[in-house]
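> This structure is in C-alpha cells; I'll ask about it shortly.
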Ligand code: ADP
C-alpha cells in the first residue's frame, strides 16, 4: 500500500497534476487538463502512466470536471485508495503564509483575498481548491505557496521606495516567487555540501527566472517582486525596466494600460529582444548558425543575470555556493559558462568539461579546482509539495 500525494497546479485554463510518492519522488501518474474555463468550449485531458498516454475530451471544459475525471481515472486504475492527500501549488500567499498550510475555510478565504495581488493566478487556485474538495471530500488538502519561502526577507529588501502608505494600506511590496523550487534546491545543495547553514545564491532559470539569496533555511532577498515580472530577463517578460516607460508608452504611442501590460508580460524578454523565440535552446541554436538577434537577446539575458547574482550576494555578505536550476540552469552549459565568466572577479570559474557534461537532470559541482563551488542542482517542486503535504498531515 502506497501513500501517494496528488499534486495539483491549477491555472486559469489548465490543471497540471501528478501522483507523487513523497519518499522516493516517483511520479507514477501525471497529466494535464487544458482549454478549461473557456465558456461553452470543450476541454481536453491527457494522462500518462507507465508507457500509456491517453487523451479525451472534457465536454463541459470546467475545472470541476477535470478533477472529477482524475478521480474516475484513478479509481479505474485501482489507485484511488492509495492517494492520501491533495497538495496544491498556490502562487501568492501574500503576507498571510510563511509556510505551507492545511486548507480550511479560513485559508481558502485568505488565498481568495490574495487575488488582488495575483489576479492571473489565485482565482484559478481557488477554483481548483473547491473542485478538489468536491472530488476528494475525505482527503486533507494542503496549499504550498511560491511566496512563502521569501516571507523572512527583511524590510529593507521587500519595501519599494513608494509612499509607505502603498505598503501599509495595500500590501504593495516585494514578495518573490519560485519559493518552492528554491526551498527544494537549497535543502538538496546543503545536503550535498554537508552544511545545513550554507549561504547559497540560487538562480532558478526557466521560462520565468529569479535569483534568491538563501541563508540556511531562509531567503533574505530575491529578484522577483510584487509580481513575477521584476528582475531578470524572462522568456516573454521584460524583467526590470525604467518604471517611467509604461507611462511614456501610453502618452507617446497611445497604447492603453492593457496593451502596455501585455507587451511587458508577453512580448518582451528573450522573445522581444530576439524577435525570434522565447526559448533559450532555440536561441542558442540560432546564435550558433550566425543569427545576431539571438546573440543580442542572450547577451542581455546573461549580463542581467550576472548582475543580479552579484547583487544577491550583498544580502548574504558572500556565499558558500552559486547554484543553477530550472530548464536553462540545468541544461544550458552556454548560459552557465558566460555568466560565470562575468563573475570571475568574485572568485568563480568553471571546469568546462564538467560544465558541458552536466545536463538532463544531472547534479554536479561544475566549478574548477580553484573556484568557489558552482553547483547544478535539478529542481523538483512536485516532490517538495508532496513532502510538505505529508508533513502537515502528520502534524494533524
Ligand atoms: P518553466 O518555467 O515553464 O517550468 P523550464 O524550467 O522547463 O520552464 O525551462 C524552460 C527553458 O529551459 C526554455 O527556455 C528552454 O529552452 C530551456 N532549456 C531546456 N533545455 C535546454 C537546453 N538543452 N539548452 C538550453 N536551454 C534549454
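In this note's numbering, the protein residues as written are 30 to 425.
From the three backbone atoms N, C-alpha and C, an ideal C-beta is built for every residue, glycine too.
(1) Measuring only the C-alpha atoms, how far is residue 344 from residue 119?
(2) Tell me, which residues are paired with residue 48 by DSSP?
(3) CB residue 238 to CB residue 334, shorter than 9 Å?
(4) Would you check if the distance between the CB atom of residue 188 and the CB atom of residue 349 is smaller than 9 Å?
(5) Taking the beta carbon of residue 409 as the centre, do at least 16 other beta carbons fall within 10 Å, making it buried, or is it exposed?
(6) What's the C-alpha gap between residue 208 and residue 284?
(7) What is the residue span of the alpha helix (DSSP H) that residue 424 lies within?
(8) Between which two residues does the alpha helix (DSSP H) containing residue 344 stretch?
(9) Going along the chain, which residues of its own chain have a beta-carbon closer than 6 Å to the beta-carbon of residue 417, five neighbours each way excluded?
(10) What residue from 363, 236, 275, 255 has the CA that sits closest to residue 306's CA?
(11) Under 9 Å between the Cβ atoms of residue 114 and residue 35?
(12) Just to be sure I understand the criterion: a residue counts if its Cβ is closer than 5 Å to at least one heavy atom of the ligand ADP. Which residues meet that?
(13) Taking the C-alpha atoms as reference points, what is the distance between residue 332 and residue 361?
(14) I'd like to confirm the pairing. Which residues does DSSP put opposite residue 144 in its beta bridges?
(15) Would you tell me roughly how many angstroms separate the C-alpha atoms of residue 144 and residue 197, rounded to the nearest one?
(16) Can you list, in chain order, the residues of its chain whose CB lies under 7 Å from that of residue 372, leaving out five sequence neighbours each side?
(17) Buried or exposed: which applies to residue 384, given that a residue is buried once 16 or more other Cβ atoms fall within 10 Å of its Cβ?
(18) Determine the direct distance from the alpha carbon of residue 139 to that of residue 125, and round the result to whole angstroms.
In brief:
(1) 26 Å
(2) 35, 58
(3) yes
(4) no
(5) buried
(6) 34 Å
(7) 410-424
(8) 321-345
(9) 129, 173
(10) 236
(11) yes
(12) 235, 236, 308, 309, 310, 355, 356, 357, 360, 361
(13) 15 Å
(14) Answer by DSSP bridge pairing: none, since residue 144 is not bridged.
(15) 18 Å
(16) 335, 338, 339
(17) buried
(18) 7 Å
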